[in-house]
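Structure first, commentary second.
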Amino acid sequence: MDLNAHFRVDEYGFFLYWACEGRDTIVIDLVQVWEARPAGLPKDGRVLFELEQRGPRETLEERTIWMTHGIWRNGLNDLLKNTKLRHISYSTCLLKNWRYLCLSLNDRRKIPIKNIVKMFASGKSDKMVQKCLSDLGLSGDKVCVLLLHMDEA
Numbered sequence: 073m074d075l076n077a078h079f080r081v082d083e084y085g086f087f088l089y090w091a092c093e094g095r096d097t098i099v100i101d102l103v104q105v106w107e108a109r110p111a112g113l114p115k116d117g118r119v120l121f122e123l124e125q126r127g128p129r130e131t132l133e134e135r136t137i138w139m140t141h142g143i144w145r146n147g148l149n150d151l152l153k154n155t156k157l158r159h160i161s162y163s164t165c166l167l168k169n170w171r172y173l174c175l176s177l178n179d180r181r182k183i184p185i186k187n188i189v190k191m192f193a194s195g196k197s198d199k200m201v202q203k204c205l206s207d208l209g210l211s212g213d214k215v216c217v218l219l220l221h222m223d224e225a
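Taking our numbering, I'd label the letters of the sequence shown as residues 73 to 225.
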């Protein structure tokens, strides 16, 4: 991870995301976040030294957090997380998917076709999804974010 990365939560509170220069944006669904707590010190001495050298006046413990996430925790999340997040309306689900696509940009600030295919494939053949995108005129290497603008009603 880049030490200069700026972490943000999207305006609807669905995702935590960050972008490192020259790399794709990394997006984490906050439903999958298990825990966020004050951090201890990194075990890798090189990482610890680098963080201490680049840091502001606060101590390393004051400016770092540990975050545990992952889809493998779904069994426990069903018990511990708010069930309203699991049973959202269709319009909220559509909004969440739209936000994910708009946040998951590549280094050229475009939405990769693979993200669209992954979102809509859901067990179906990727070729079928790619054909549908081609029929819509979205079959290139990348899709411009401006093409996927959704007006808020």
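Where a beta carbon is used, it is the ideal one built from N, C-alpha and C, also for glycine.
Range covered by the alpha helix (DSSP H) that runs through residue i
i	result
V99	Segment 98 to 101 is the beta strand (DSSP E) holding V99; no alpha helix (DSSP H) there.
E122	117 to 126
N178	Taken as a continuous stretch (DSSP letters only), N178 belongs to no alpha helix (DSSP H), as it is neither H nor E.
S197	Per DSSP, S197 belongs to no alpha helix (DSSP H) and is neither H nor E.
Cα-Cα separation between residue i and residue j, rounded to whole angstroms
i	j	result
G147	K168	Note that G147 has pLDDT 49, beneath the 50 cutoff, so the model's placement of it is unreliable and the number below is only indicative. Going by the C-alpha atoms only, they are around 22 Å apart.
S161	W170	14 Å
K182	D96	9 Å
Q104	V81	14 Å
L132	L123	7 Å
E121	K115	The displayed chain sequence assigns Phe, not Glu, to residue 121. Going by the C-alpha atoms only, they are around 11 Å apart.
A91	C165	24 Å
P184	L210	11 Å
G94	I100	19 Å
S163	G117	47 Å
M200	H159	28 Å
V119	A77	15 Å
L208	K186	16 Å
Q125	L113	14 Å
L177	I98	8 Å
Beta-carbon proximity of residue i to residue j, cut-off 8 Å
i	j	result
L173	M191	yes
L102	F86	yes
Y84	L175	no
D198	V189	yes
Bounding residues of the beta strand (DSSP E) (the contiguous stretch that carries residue i)
i	result
Y89	87 to 90
Coarse secondary structure for residue i, derived from DSSP in three states
i	result
I160	coil
R95	coil
K186	helix
V81	strand
F192	helix
L205	helix
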